[in-house]
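The structure under discussion appears below in the form of structure tokens.
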Amino acid sequence: MARILIIEDSPTDTAVLTQLLERHGHEVLASTSAEDGIEACRREKPALVLMDVVLPGMNGFQATRALARDADTKHIPVLIVSTKGMETDQAWGMRQGAKGYLVKPPREDVLIGEIDRLLGSAG
């Protein structure tokens, strides 16, 4: 399946998402900050990024914009998974270059459905 990078500062959320993704056959990489995540994205070239918004230092919106504007990473879809569930947050996330936006905690079938959609089910 796909190699997915999780950018998330909560160890609990990272563990839950990792277990869920691995159960569906994905390889998981994780970063606890946006800055580390951007570096990992450039280095590892994952098929997809799951991005939290509330992060230490640079936030997920800024990191999404950085990845979307970088020639090396702009082809990698970013799916924001955040507790920030207002429509304005979702619209802003999409404007930064995210390809999808889910509110935490996402239902497993919804999350996997979004991942499959963004990966074109090619996996």
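Note that the sequence shown covers residues 1 to 123 in UniProt numbering.
Glycine included, each C-beta is placed from N, C-alpha and C at the ideal position.
Values in this document were obtained by computation on a predicted structure and should not be read as measured data.
Would you list the one or two residues that DSSP bridges to residue i?
i	result
I80	M51 and Y101
Could you tell me which of the options sits nearest to residue i, measuring between CA atoms?
i	options	result
E8	G60, A47 and R43	G60
L21	S10, R3 and P11	R3
H26	L5, A34, D72 and A63	L5
Starting from residue i and walking both ways along the beta strand (DSSP E), at which residues does that stretch end?
i	result
E27	E27 to S31
In three-state terms, what does DSSP make of residue i?
i	result
L119	coil
R3	strand
R107	coil
K74	coil
Q96	coil
E22	helix
P56	coil
G85	coil
Please list the terminal residues of the continuous alpha helix (DSSP H) segment that includes residue i.
i	result
D9	D9 -> no alpha helix (DSSP H), and no H or E assigned at all.
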